[in-house]
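Single-structure report; data block below.
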Amino acid sequence: MSDERWRPSVTVAAVIEQGGRYLLVEEHTPEGLRLNQPAGHLDPGESLLQAVVREVREETACDFTPQALLGVHLATFTRAAETITYLRFAFCGVAGTPVPGRVLDTPIVRTLWLTPEEIAARAAEHRSVLVQRCIDEHRAGLRFPLDVLRGMA
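Everything in the sequence shown is counted per the UniProt record's numbering, starting at 1 for the first residue and increasing by one.
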């Protein structure tokens with residue numbers, strides 16, 4: 001048995017819907033171009049809400065106002081002989097228009113507004129199964145108030 005303690009990677013994601021379309025990013029990954037919600041890792045000293053606002057800004061150039069917690073997901077992936085478990089906090093909310101002059105994070109190729117049907121049709125391009133799961137949960141009306149994250153938000 002290993003003495004190394006298991007530590008999941010904590011991530012945040014933003015599910016942003018406007019006019020029946022969802023905001024996704026197309027990004028370079030080790031597996032090639034993939035679609036994902038604006039998402040990323042929680043940085044040291046950050047709250048979950050600060051992290052999701054930052055990630056949306058970095059990946060879409062938009063300001064983001066979280067309105068609800070959509071869900072908390074635990075997912076394990078094996079990539080190139082490394083197994084990583086992610087604890088992902090997904091939020092839904094409202095994004096503004098892109099701020100002129102803001103540069104997107106290096107791996108981000110572009111942002112896309114896609115219908116649920118377009119997202120489902122491109123499942124092979126999803127970064128993970130969590131992309132579709134979060135869309136489905138949002139469409140089903142799942143929402144938790146942000147105050148359930150007392151002390152973490």
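Yeah, the Cβ is synthetic: ideal placement off N, Cα and C, and Gly gets one too. All of these numbers come straight from a predicted model, not from anything done at the bench.
Spatial distance of residue i from residue j (CA atoms)
| i | j | result |
| --- | --- | --- |
| Ala138 | Trp6 | Before going further, note that residue 138 is His rather than Ala in the sequence given. Using only the alpha carbons, I get a separation of about 30 angstroms. |
| Leu149 | Phe91 | 11 angstroms |
Helix, strand or coil at residue i according to DSSP, with G and I counted as helix
| i | result |
| --- | --- |
| Gln37 | coil |
| Thr111 | strand |
| Leu24 | strand |
| Ala120 | helix |
| Glu4 | coil |
| Val103 | coil |
| Ala95 | strand |
One or two residues paired with residue i in a DSSP bridge
| i | result |
| --- | --- |
| Gly141 | For Gly141, which the question treats as bridged, DSSP gives no partner whatsoever. |
| Val72 | Phe89 |
| Gly32 | Thr29 |
Sub-9 angstroms separation of residue i and residue j beta-carbons
| i | j | result |
| --- | --- | --- |
| Arg110 | Val25 | yes |
| Glu8 | Thr85 | Strictly speaking, residue 8 in this sequence is Pro, with Glu absent from that position. For Pro8 and Thr85, yes; Cβs fall inside 9 angstroms. |
| Asp43 | Arg54 | yes |
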